[in-house]
Every structure is written in structure tokens, then in C-alpha cells.
Amino acid sequence: MKIEINIDEAITDMEVVVTCSKLTPKVEKLLAALRMMDCQLTGKKGDEIHLLDISQIIYIESMERKCFVYTTDDVYESDFPLYELERQLTEYGFFRVSKSFLIHLPSIQSLKADINRRIRITMVNGEQIIASRQYADGLKKRLGVK
Amino acid sequence: MEQNKTIFDYLAQVLTIFGFSMLILNLFCIIFGDSAQGLSSMFALGSRGVPAEIAFQYLVISALIVGIRFLFFSDRLIKNMTIPLRTVCMLGCVLLITAVFIIHFQWFPADLWIAWAMFFVCFLLSFVCSYPVMLLKEKAENRKLNEALDRLKEKEASTDE
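As you go down the protein sequences, you meet chains A and E in turn.
Counting from 12, one number per residue, gives the positions in the first sequence under the numbering used here.
Counting from 71, one number per residue, gives the positions in the second sequence under the numbering used here.
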């Protein structure tokens, strides 16, 4: 893969041009990573590829080696594994609350202490997610209560 | 990340319950021991203290209480149950096991209704005292969590602007 960088002080908006013979999964992954830098995430729904604004995402669930991105209205599949999404999205207010869930902290509606030092999280869409004991302490630290 | 509990954590819980109940029982022995000497195996030594076999019985019941607590207040065995129902089930089991110990080890005569009445009153009283404390603690923790969440949301909103 040839990488060309042109530095010009006169340019105000950065532009990335990808030139390829066809849209392979490798190219799609590259585009998805670039979009993530622009606060966007690529999500698949059927045969369609959708561009999701990161602020629209409520939570991401990993299930049977697949990652599903939940917005208020829809569910999309992501090509990235959960650990990769966690690495990329932490700076945008996302937090890992269990082995399978990565949640968008501003999309939390309420929190409730549960048994065994877990935390029951109610998201803005009404969905309830449990922060496991292993991750609940980290969540408390992130919220500044520990 | 928090580490998982070890056998020593449970042992510490058993010894805490055991130590606390021994302290209370020894106080009862000092106060009522001589007058209740012939009535209960717990006061067989009068005001001199708790007999060794009673101490072992209390150690066993302390271990059983920790076991029951583990059963109802961890999700290892019971996954979906509300906290109030877990509390009720746990208290029911503790009450049942204590009653079995009372009858089997003759902590007091099984046909003495006033002793049973006092036992249930004491049990109910300790529940009435501890349950609101537990509820208040839970409410305070929830409030703290949600206030921290609101602060985080405000912070996120101000950085977005």
C-alpha cells in the first residue's frame, strides 16, 4: 500500500483520498478507522453500510464474536471487535462495563446499586445493562465516586 | 479491577458473626446466667460464661448464615430475583435454621411459648432496625452515583460546546 502525504499550510480542511481498484474488506476497515477519527462509526445493516455519528450510539454489545451497535432507533453490526472499539471510543465518553458491553456514558439515564456490588445501568432507550463487579469499581472511579 | 473473594473473606465474615454473637451471649450470661441456669443449655454455666459446646454450635450457625447469605446475595446460583425477595428468603432460611438449632441443641425448652415469642420478637426487632438502615444506605449510594453521573454529563456537554 502506497501512502502519500502532502503538507500544505494553505489547506484548512484535511482531506484523505483513498485510491483503490475495488472496495475490499481491508479498504473498508481503513475507511472505518478514518471515520472514527471524524467522530463517525461504520455500521452494517443487511447489505447497507451506514455512517453513524458517535454521539448517536447508546451502547455496543459483543455477542458470538460479533459487535452490535445500538442507537435509539436501530441496531447495526460493526466489523471491529469490542476491545478495538473500546480503545478507539474511550476518548468519546465510552466505557466498558462488562465483558460484552461498551456503553456511552452520556446516554445513561440512571444508575442503581445492585447485589454483589454490581451496578444496574438504565440507558436512555430504557434498556438495562449490568456492570459486573469486576468493572463496577472502574465505573465508580470514572464517575468520581471512588 | 476488583479481585474475587477468597475463602478467607468468607471465613472473616463467619468469625465476625461468631465473635459478635459470643459477645452478646456472654453479656446475657453475666446478666441473666444464674437465673436461667436450669432453663437453657446456653446458660448451663450460669454467670461464668458460655459453655464450649454452645460456642461451637454458634460457630456452625455463623458459617451457615454466611452460606445462606452467599446463596441469596450472589448471582452464582440464583440469577434473577429482586433484592426484597432475596432478603425475605434469606431471613426465612436463617429463622428456620436457628429454630432447628434451638430445638436440637435445647437452647431453650421447645414447649416454652414465651421463649419462642421472645425469640421471634428479638428477630423481628433486629430486622426492623437493620432493614431501614440497609435501605437508607442503598438510597444514599444510588443518589451519589446519579449525582456523579449528572456532573459527568454536564462536563461532557460543556466540552462539546
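For every residue, glycine included, the Cβ atom is placed at its ideal position computed from N, Cα and C.
All of these numbers come straight from a predicted model, not from anything done at the bench.
Asked	Found
Going by the DSSP bridge assignment, what does residue 107 of chain A pair with across the sheet?	A:113
So residue 200 of chain E contacts chain A; which residues on that side make the cut at Cβ distance below 9 Å?	Per Cβ cutoff of 9 Å: no residues; residue 200 of chain E is ~16 Å from chain A at best.
Between residue 123 of chain A and chain B, is the shortest Cβ-Cβ distance under 8 Å, so that the two count as touching?	In the structure shown, chain B does not exist; the protein chains are A and E.
For residue 222 of chain E, tell me which candidate among A:127, A:122, A:145, A:128 has the shortest Cα-Cα distance.	A:122
So is residue 180 of chain E buried or exposed if we call it buried at 16+ other beta carbons inside 10 Å?	exposed
Return yes when the Cβ of residue 139 of chain E is within less than 8 Å of the Cβ of residue 126 of chain A, no when it is not.	no
Is there contact here, the stretch 180 to 200 of chain E with the stretch 75 to 83 of chain E, by at least three beta-carbon pairs under 8 Å?	no
Return the residues of the stretch 208 to 220 of chain E that lie within a Cβ-Cβ distance of less than 7 Å from chain A, sorted by chain order.	208, 211, 212, 214, 215, 216, 218, 219
For a quick check, are the C-beta atoms of residue 105 of chain A and residue 97 of chain A less than 8 Å apart?	yes
Can you have a look at residue 21 of chain A and say buried or exposed, based on whether 16 or more other CB atoms are within 10 angstroms of its CB?	exposed
Do residue 142 of chain A and residue 129 of chain A have their C-beta atoms closer together than 8 Å?	yes
With a threshold of 8 Å between beta-carbons, can residue 223 of chain E be considered close to chain A, or not?	yes
Comparing alpha-carbon positions, which option in E:174, E:153, E:189 lies nearest residue 165 of chain E?	E:189
Hey, is residue 147 of chain E close to the ligand ADP, as in C-beta under 7 Å from one of its heavy atoms?	Of the ligands one can find in the structure shown there are none, so the ligand ADP has no counterpart to examine.
Tell me whether the beta-carbon of residue 175 of chain E lies closer than 8 Å to the beta-carbon of residue 127 of chain E.	yes
Buried or exposed for residue 191 of chain E, please, with buried defined as at least 16 other CB atoms from any protein chain shown within 10 angstroms of its CB.	exposed
Closer than 9 Å between beta carbons: that is the criterion. Which residues of the stretch 58 to 72 of chain A meet it against chain E?	66
So within the stretch 25 to 104 of chain A, which uninterrupted beta strand (DSSP E) runs reach at least 3 residues, ignoring any that extend past its ends?	51 to 56, 59 to 64, 68 to 74, 77 to 82, 86 to 89
With residue 134 of chain E as the anchor, note down where its beta strand (DSSP E) starts and where it stops.	Segment 122 to 142 is the alpha helix (DSSP H) holding residue 134 of chain E; no beta strand (DSSP E) there.
Sort A:37, A:147, A:67 by Cα distance to residue 8 of chain A and report the nearest one.	Nothing can be reported for residue 8 of chain A: it is not among the residues displayed for chain A, which extend from 12 to 157.
DSSP three-state label for residue 139 of chain A, please.	strand
Please list the partners that residue 117 of chain A has in chain E, where partner means a Cβ-to-Cβ separation under 7 Å.	223, 226
Given this structure, state the Cα-to-Cα distance separating residue 208 of chain E from residue 59 of chain A, to the nearest angstrom.	46 Å
Quick one: residues in its chain with C-beta nearer than 6 Å to the C-beta of residue 142 of chain E, no 5 flanking neighbours on either side, listed in chain order?	156, 159, 160
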